[in-house]
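What follows is a short report on a single structure.
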Amino acid sequence: MTALKTKIQLWGVGTARTMRVHWMLHELDLPYQTFPIKARSGETQTDSYLDINPKGKIPTLVHDKFVLSEGFAILRYLSNLSSSEDKDQFQISIEGQATYDEWASFILMELDASALYVIRRHRDLEEIYGRSSEAVRSAEKYFEKMLLARCGEVDFTGYVWGDRFSEIDILFTTVLDWAHFAGIKLEDKFVCYARRMHSRKAYQQAYDVNYT
4 MTALKTKIQL WGVGTARTMR VHWMLHELDL PYQTFPIKAR SGETQTDSYL
54 DINPKGKIPT LVHDKFVLSE GFAILRYLSN LSSSEDKDQF QISIEGQATY
104 DEWASFILME LDASALYVIR RHRDLEEIYG RSSEAVRSAE KYFEKMLLAR
154 CGEVDFTGYV WGDRFSEIDI LFTTVLDWAH FAGIKLEDKF VCYARRMHSR
204 KAYQQAYDVN YT
C-alpha cells in the first residue's frame, strides 16, 4: 500500500461510473473517505457540492487540494499515485500504451456513452429526456455491434489488456455489468469473464460500498 500524506475523499455511490473508482481504490489498497451522495437525488446540486464540482456530477475525487471529476481521469491518477500497480512488458511498451488508449476510448465512447447511457436516458430517465423505445432498441443493437466488432476474436480467458489486471478490466467489467442490468444478452465468454472479475476481493469490497 502506498503511504499517503493526505487522505483521499471520494464523492458518489450507486452507479457503474462511481463503482469504477471505488474498485480501483480497493485494488490499490488506498485509504479513502466516502461521501455517499447519489445521482438525481438533489445531493449533487447543493451549493456545497457544486463548490467542489460545478458540473454537479459524480464521481468526484478530492486529494488534498487537487480535484478530479471525470471517472477515467481519476483511475489514471490513482494508478500513477500508487506504487503497488504492476505492469508487464507489453503494457509498458509504446504499442501497449497505444492499445490501452484504444481500449479505453472504445469502452467509454462506443459502449458507455453511445449505447448504455442512451438506454438510461430514454428508458430510466424518461421524465427528463423523454421515452423513446426506438432510441433504446437502436442503442442496444449498437452496443451488440460494437462489442462484436472489437471483441469478437478475443477469448477473454485472461485480462483485456496485457497479462495483468488493469483499469481497462475495471472499465470493461462495469460496462458488462451495466449491459446485463439493462437487459442486453451477453455471450458466454463475456459472462464468464465478468464472473472472474467479480470474484476479486477488491470488486466485492467496492460493490458493498457502492451499491449497499
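Each residue of the sequence shown is one higher than the one before, starting from 4 at the first, in the working numbering.
All residues carry an ideal CB built from backbone N, CA and C; glycine is no exception.
Could you give the first and the last residue of the continuous beta strand (DSSP E) run that contains residue 106? Looking up residue 106 in the sequence shown gives position 103. Unbroken run through residue 106 is the alpha helix (DSSP H), 97-108; no beta strand (DSSP E).
Nearest to residue 3 by CA position, among 96, 205, 184 and 79, is which residue? The question about residue 3 has no answer, for the chain in this structure spans 4 to 215.
CB contact flag (residue 118, residue 146, <8 Å): As a first step, residue 118 is located in the sequence shown; it is residue number 115 there, counting from the start. As a first step, residue 146 is located in the sequence shown; it is residue number 143 there, counting from the start. Result yes, Cβ atoms of residue 118 and residue 146 sit closer than 8 Å.
Which of helix, strand or coil DSSP assigns to residue 181: On the sequence shown, residue 181 is found 178 positions in, with the first residue counted as 1. Three-state DSSP puts residue 181 in a helix.
If you drop the 5 nearest sequence neighbours on each side, which residues of the same chain put their C-beta closer than 7 Å to that of residue 72? Here residue 72 corresponds to residue number 69 of the sequence shown, with the count starting at 1. Closer than 7 Å at the Cβ level, and outside the excluded window around residue 72, lie 56, 58, 60 and 63.
Who pairs with residue 49 in a beta bridge, going by DSSP? Here residue 49 refers to the residue found at position 46 of the sequence shown. Note: residue 49 sits in no beta bridge, so no partner.
N-terminal and C-terminal residue of the beta strand (DSSP E) that residue 37 is part of: As a first step, residue 37 is located in the sequence shown; it is residue number 34 there, counting from the start. Counting along the chain, the beta strand (DSSP E) containing residue 37 begins and ends at 35-38.
Could you tell me the distance, in whole angstroms, from the CA atom of residue 84 to the CA atom of residue 69? In the sequence shown, counting from the first residue as 1, residue 84 sits at position 81. In the sequence shown, counting from the first residue as 1, residue 69 sits at position 66. When only Cα atoms are considered, residue 84 and residue 69 end up about 13 Å apart.
Express the C-alpha separation of residue 47 and residue 29 in angstroms, rounding to a whole number. For the purposes of this step, residue 29 is taken as residue 26 along the sequence shown, with counting starting at 1. For the purposes of this step, residue 47 is taken as residue 44 along the sequence shown, with counting starting at 1. Roughly 24 Å separates the two Cα atoms.
When the distance is taken between beta carbons, is residue 174 closer than 8 Å to residue 182? Here residue 182 is taken as the residue at index 179 of the sequence shown, counted from 1. Here residue 174 is taken as the residue at index 171 of the sequence shown, counted from 1. A distance of 8 Å or more separates the beta carbons of residue 182 and residue 174.
For residue 293 versus residue 23, is the C-beta distance shorter than 8 Å? With the chain running from 4 to 215 in the structure shown, residue 293 is simply not present.
Can you tell me which of the three DSSP states residue 14 falls into? Here the question's residue 14 lines up with position 11 in the sequence shown. Strand, per DSSP.
Just the Cα atoms here: how many angstroms apart are residue 4 and residue 212? Counted from its first residue, the sequence shown places residue 4 at position 1. Counted from its first residue, the sequence shown places residue 212 at position 209. Any reading at residue 4 needs caution, since the residue's pLDDT is 49, under 50, leaving its predicted position unreliable; the model's value is listed next. Cα to Cα, residue 4 sits roughly 20 Å from residue 212.
Can you have a look at residue 140 and say buried or exposed, based on whether 16 or more other CB atoms are within 10 angstroms of its CB? To locate residue 140, count along the sequence shown from 1; it is residue 137. Looking at its Cβ environment, which holds fewer than 16 other Cβ atoms inside 10 Å, residue 140 is exposed.
How long is the line joining the alpha carbons of residue 194 and residue 92, rounded to whole angstroms? Position 191 of the sequence shown, counted from the first residue, corresponds to residue 194. Position 89 of the sequence shown, counted from the first residue, corresponds to residue 92. Residue 194 and residue 92: Cα-Cα distance of roughly 28 Å.
Residue 158 vs residue 192 beta-carbon contact at 8 Å: The residue given as residue 158 occupies position 155 in the sequence shown. The residue given as residue 192 occupies position 189 in the sequence shown. Their beta carbons are under 8 Å apart, which means residue 158 touches residue 192 by this criterion.
Among 34, 154 and 150, the one whose alpha carbon lies nearest that of residue 10: Working through the sequence shown from its first residue, we reach residue 10 at position 7. Out of 34, 154 and 150, 34 has the C-alpha closest to the C-alpha of residue 10.
Burial state of residue 207, where buried means 16 or more other Cβ atoms lie within 10 Å: Along the sequence shown, one-based indexing puts residue 207 at 204. Flag for residue 207 reads exposed.
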